[in-house]
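Report on the structure given below.
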Amino acid sequence: MRLFGVEMEPKEKEQETKRTKKRKSARLFGRDLVPERKRSKIKKTRSSSPPLPPAPLPFPLLQAIHDMEGRDQVFVTTKILERSDTDAGQNRFFIPKSEVLWGVLTAEERRQVEGGGGVEAMVVDPRGWKYNMRLKKWVSLNKVVLNSGWRKLVEDNELMAEMDSVELWSFRADSKLCFALNVKRDQRPVINL
């Protein structure tokens, strides 16, 4: 092949990678016209560090935890509510994947959640009101949910999809698994709903 009056020769060149690929390149005056791509030697690592805890919980919520003799408070995750989280027909709250959540469960609780039957949990809202719910894994979707009482919490607190974000905290009261749910609307705490 001729380019600018100079004879060029196609050349087969093998590039060593995990899979051997043949790559065609053209040479001009002994140099490749298309340089080989060099891969970065920097390996990217995925960080699975827990999310940073938000501001302290509002007083009514702290008071409710104290009255229950709650201990071992751990920030689990934060989430902006989606339409499906507030839909009365669905009656469930999808919990974003969280290594922290699995870390606060006992081995027996993990087994029950993974099995699909779930474990009972008390959920405390920003006003200190308590709701009996179930923490379980929907195996078909590979998602962990709080349900069996979620609809009542949504109605009582007038939660709104895409406007409210929730901070989920875990704690123990008399060794029972409990959650504290702090609600923020437009990044401001919502206490007196």
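The sequence shown begins at 1 in full-length UniProt numbering and counts up one residue at a time.
We put the beta carbon where it would ideally sit given N, CA and C, even for glycine.
Identify whether residue i lies in helix, strand or coil by the three-state DSSP scheme.
i, result
"residue 157", "helix"
"residue 120", "strand"
"residue 135", "strand"
"residue 129", "coil"
"residue 173", "strand"
"residue 146", "strand"
"residue 167", "strand"
To the nearest angstrom, how far is the alpha carbon of residue i from that of residue j?
i, j, result
"residue 130", "residue 77", "20 Å"
"residue 122", "residue 180", "8 Å"
"residue 47", "residue 95", "Low per-residue confidence applies at residue 47: pLDDT is 45, beneath 50, and the placement is therefore not dependable, though the value from the model is reported in the following sentence. Roughly 19 Å between the two C-alpha positions."
"residue 112", "residue 136", "8 Å"
Let me make sure I understand the geometry here. Which of the options has the alpha-carbon closest to that of residue i?
i, options, result
"residue 152", "102, 125 and 75", "125"
"residue 166", "109, 80, 65 and 147", "80"
"residue 149", "84, 66, 93 and 56", "93"
"residue 85", "138, 145 and 66", "145"
"residue 156", "138, 128, 174 and 137", "128"
"residue 186", "160, 169 and 57", "160"
Use the C-beta contact count for residue i: other C-beta atoms within 10 angstroms, 16 or more gives buried, fewer gives exposed.
i, result
"residue 64", "buried"
"residue 133", "buried"
"residue 193", "In this prediction, residue 193 has a pLDDT of 43, which is less than 50 and means its spatial position is unreliable; what the coordinates show is noted afterwards. Its Cβ having fewer than 16 others within 10 Å, residue 193 is exposed."
"residue 183", "buried"
"residue 104", "buried"
"residue 163", "exposed"
"residue 45", "Summary for residue 45: the model assigns pLDDT 45, below 50, so the residue's position carries little reliability, and this model does not support an answer."
"residue 141", "exposed"
"residue 154", "buried"
"residue 118", "buried"
Taking 9 Å as the threshold (beta carbon to beta carbon), is residue i in contact with chain B?
i, result
"residue 100", "No chain B is part of this structure, which consists of one protein chain only."
Tell me, which residues are paired with residue i by DSSP?
i, result
"residue 183", "166"
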